[in-house]
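Reading through the structure tokens given below for one structure.
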Amino acid sequence: MRLLSALPFTLFALLIYNGFAFTAGAADPDFWSTPVLSIAMVSGADFQLLASDLLITAGLFFLFIEILKATRIGKAAVVDHMLSVLVFVAFLVEFLIIPQAATSVFFILMVIALIDVIAGFSISITGARRDVAFGHGEMN
Numbered sequence: 050m051r052l053l054s055a056l057p058f059t060l061f062a063l064l065i066y067n068g069f070a071f072t073a074g075a076a077d078p079d080f081w082s083t084p085v086l087s088i089a090m091v092s093g094a095d096f097q098l099l100a101s102d103l104l105i106t107a108g109l110f111f112l113f114i115e116i117l118k119a120t121r122i123g124k125a126a127v128v129d130h131m132l133s134v135l136v137f138v139a140f141l142v143e144f145l146i147i148p149q150a151a152t153s154v155f156f157i158l159m160v161i162a163l164i165d166v167i168a169g170f171s172i173s174i175t176g177a178r179r180d181v182a183f184g185h186g187e188m189n
């Protein structure tokens, strides 16, 4: 259970993208622009949620969970940060060398993974600084 909580949720965005890019997306190059949901709005406009929009929304949700996880302290948090860096590196390498990853959807997911890395370390450092300052103030 602890290992599962240390896994970065941005990894799921990478796995979902790859799952579709190498199966359904490989057969249909326009897969990411396929409407998943279409709703007639009161204004008369037709709202369409594309497959790419849905995955980016999921990626943002995963980022939110990762930011909440970054407030933890301890060994699990350090492992989580290290794994987040590895997920970002996997995104970067795949973006650079695999043709199916050369899309704007993948690029946005990669930026989400980068924000996860930066935010995770920033939040952890800020929290550690506050813990040290609080502990220092008690000793006086």
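One gets our numbering by counting positions in the sequence shown from 1 and adding 49 to each.
From the three backbone atoms N, C-alpha and C, an ideal C-beta is built for every residue, glycine too.
Strictly by DSSP, which residues pair up with residue i?
i     : result
Phe96 : Ile88
Sort the options by Cα distance to residue i and report the nearest one.
i     : options                   : result
Leu56 : Ile167, Ala89 and Met131  : Met131
Pro78 : Gly169, Ala168 and Ala150 : Ala150
Out of curiosity, what's the CA-to-CA distance linking residue i and residue j?
i      : j      : result
Asn189 : Lys124 : Per-residue confidence for Asn189 stands at a pLDDT of 48, beneath the threshold of 50, marking its modelled position as unreliable; the derived number appears in the next sentence. Each residue's Cα considered, the two are about 29 Å apart.
Ala100 : Arg121 : 33 Å
Thr59  : Ala94  : 33 Å
Are the beta-carbon atoms belonging to residue i and residue j less than 8 Å from one another?
i      : j      : result
Phe144 : Phe155 : yes
Tyr66  : Leu158 : yes
Ile116 : Ile174 : no
Subject >> Segment contact flag, the region 123-141 with the region 78-89, C-beta cutoff 8 Å, min 3 pairs >> reply: Look at the beta carbons and you see the region 123-141 not touching the region 78-89: under three pairs across the two are nearer than 8 Å.
**OP:** Determine contact between the region 112-122 and the region 158-171, defined as no fewer than three beta-carbon pairs at a distance below 8 Å.
**Re:** Result yes; three or more Cβ-Cβ pairs closer than 8 Å.
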